[in-house]
Structure formats: structure tokens, C-alpha cells
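A.B. asks:
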Amino acid sequence: MADNIARVFADAIATDPTRPLLTWYDDATGERTELSGATLANWVAKTANLLVDEAGCAPGDPVGVLLPPHWQTAAVLLGCWSAKLTVVDAPGPVEVLFTAADRVEEAGRWPAGERYALALHPFALPMRQVPPGCVDFVGAVRGHGDQFTPYPGAGEADAALLTRAEARAAELGLRPGDRLLVDVTAHPDPVDWLLTPLTAGASVVACAHPDPARLPPAPNPKTPPTPS
């Protein structure tokens, strides 16, 4: 059983870094973004370098992520896990807080050393107006290096997260090379839409606010769900 998220991510893209690894749809806005393993790895490395070099984080430091499912959220989470940081769920003191622009008021409940705001723009454009007390994540992260060597060993919560993801992948019957369609509106947990396909060597099509008319027919309820 794997216990290192950074290694699972590296293994997922090792065979063919150019194949689509994460495809993001939002049927409410019409957004569609497709990232290869290499492209996502680039964003992940830049995020990890930002956390270590700019924010001064060390392994085990707590970080908060107040972001909805999104391809940029995947980069943030994988960057945190690559730097061996602990992503916490409940409000409390953190070294770094990542917040969606529309959750800045909620972010005030989190004492943080550094705050990065994300507009989650479809083309990852810089924010036109940065919330007070925050740094624009996209503007800051682009200046950091494209390579990051994850620290050895597992992060504090890696094993527990990967155990859940591997169990879910087994339940779905995922195999390397499969594509998993996930309604992230119904399944916002990153274990479901990010880590589960990664542990199986599969890719994911993550869809927010899915239009029922565009979804494939539901499987027979007597049979287990199958990957798309």
C-alpha cells in the first residue's frame, strides 16, 4: 500500500506525462480545461516551491485550503502534499491559507502567516482586484521554479488519505489507463475526485454543476459503478 502522495502522483504520470490526467468541466459556466500529467506537475512544483521558498514552510506545518473542487485546487493540494505539509480542515492557526476570492470573509476565522487568494479563472489569469491582506496566488506562483524534489517519506496524513482512495478505487474497479467521471458537486472530497484516480493510475474528468442531459446513462443499480 502506498503511503506517499507525492510518489503516487509521480507514478501516475511516469508512463506517459503527455496524456490527459485531469479534465475540468463546469457546465454552469461552460469552462473546460484539460491538463496533461506534465502540465499539472508543473503547477504542483511551482506551488511547492512557493510554499517552501516564499512562505518558508517546513514539513509538518499546517495549511488551510478553502477552495472548491477545481483544477487549480488540485495543484494547490498536490503542492502542499509534495512539500509534506498538513492540510487541516477546521479553522485554526496555519502557516499558509489558500482561499477562493468569494470565501475571504470565512478566511478571517483562520489566523495565517501568509494568505493566497484564487479567482479560479478558467485561463488562470491574475486577479483584477486582490482581497485585502491576500496575495494573488496565480501572480505569485508563476515566478517559481518548474521542478521540485519532494521531501522523502510521507506527510502526516498521507497514509490515511491514500488508504481511503485505494479502497474507493477498488470499489469502482479502476485500472491503469481508465478515465473516471466525477460529479464534484456531489463528491467534493479530494479523495474522490483527485486521489482515487491517481492511486489507480487512471485519469479523471471532474465536472461541476453537471448538466444531466450531457451525462452518460446511469449504470444498472445491481452492478458496481464503472469508470467512463
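For what it's worth, UniProt numbering labels the leading residue of the sequence shown as 1, then goes sequentially. Yeah, the Cβ is synthetic: ideal placement off N, Cα and C, and Gly gets one too. Here the structure is a predicted model, which means the values were calculated and not measured.
With distances taken from CA atoms, which of Phe-148, Leu-40 and Ala-119 is nearest Ala-134?
C.D. replies: The count along the sequence shown starts at 1 and reaches residue 134 at position 134. According to the sequence shown, residue 134 is Cys rather than Ala. Measuring from the Cα of Cys-134, the nearest candidate turns out to be Ala-119.
A.B. asks: The alpha helix (DSSP H) with Gly-37 in it runs from where to where?
C.D. replies: Residue numbering aside, residue 37 sits at position 37 when the sequence shown is read from its first letter. From DSSP, the alpha helix (DSSP H) with Gly-37 extends over 37 to 49.
A.B. asks: Could you give the DSSP three-state label for Gly-79: helix, strand or coil?
C.D. replies: Sequence index remark: in the sequence shown, residue 79 carries index 79 (1-based). It is helical.
A.B. asks: With respect to the alpha helix (DSSP H) encompassing Pro-197, which residues constitute its N-terminal and C-terminal limits?
C.D. replies: Along the sequence shown, one-based indexing puts residue 197 at 197. Segment 196 to 199, the alpha helix (DSSP H) holding Pro-197.
A.B. asks: Tell me the DSSP bridge mates of Tyr-25?
C.D. replies: Start at 1 with the first residue of the sequence shown, and residue 25 comes out as number 25. BP columns for Tyr-25 point to Arg-32 and Cys-207.
A.B. asks: Hey, out of Ala-167, Ala-202 and Pro-111, whose CA is closest to Ala-12's CA?
C.D. replies: Counting from 1 along the sequence shown, the entry for residue 12 is found at position 12. Selected option, being the one with the closest Cα: Ala-202.
A.B. asks: Alpha carbon to alpha carbon, how far is Arg-19 from Glu-106? Give it in angstroms, no decimals.
C.D. replies: Translated into the one-based positions of the sequence shown, residue 106 becomes position 106. Translated into the one-based positions of the sequence shown, residue 19 becomes position 19. If I take the Cα positions, the gap works out to 37 Å.
A.B. asks: Val-8 lies in the alpha helix (DSSP H); which residues open and close that run?
C.D. replies: Along the sequence shown, read from residue 1 onward, the residue named residue 8 stands at position 8. Here the alpha helix (DSSP H) through Val-8 covers 5 to 14.
A.B. asks: Compute the Euclidean distance between the alpha carbons of Gly-153 and Pro-126, then round it to the nearest angstrom.
C.D. replies: Along the sequence shown, one-based indexing puts residue 153 at 153. Along the sequence shown, one-based indexing puts residue 126 at 126. Going from the Cα of Gly-153 to the Cα of Pro-126 covers about 34 Å.
A.B. asks: What three-state label does DSSP hand Asp-192 in the structure shown?
C.D. replies: For the purposes of this step, residue 192 is taken as residue 192 along the sequence shown, with counting starting at 1. In this structure, Asp-192 counts as helix in the three-state DSSP scheme.
A.B. asks: Whole beta strand (DSSP E) runs in the stretch 71 to 117 with 3 or more residues, listed along the chain?
C.D. replies: Runs of the beta strand (DSSP E) inside the stretch 71 to 117: 86 to 88 and 94 to 100.
A.B. asks: Does DSSP put Leu-161 in a helix, a strand or coil?
C.D. replies: Here residue 161 is taken as the residue at index 161 of the sequence shown, counted from 1. Three-state result, Leu-161: helix.
A.B. asks: Span of the alpha helix (DSSP H) holding Gly-143?
C.D. replies: In the sequence shown, the residue the question calls residue 143 occupies position 143. It is not in any alpha helix (DSSP H) - Gly-143 carries neither H nor E in the DSSP assignment.
A.B. asks: Consult DSSP for Leu-172 and reduce its assignment to one of helix, strand or coil.
C.D. replies: The residue given as residue 172 occupies position 172 in the sequence shown. Leu-172 falls in the helix class under three-state DSSP.
A.B. asks: Give a yes or no on contact between the stretch 45 to 54 and the stretch 14 to 30, applying the rule of three or more CB pairs nearer than 8 Å.
C.D. replies: No contact exists between the stretch 45 to 54 and the stretch 14 to 30.
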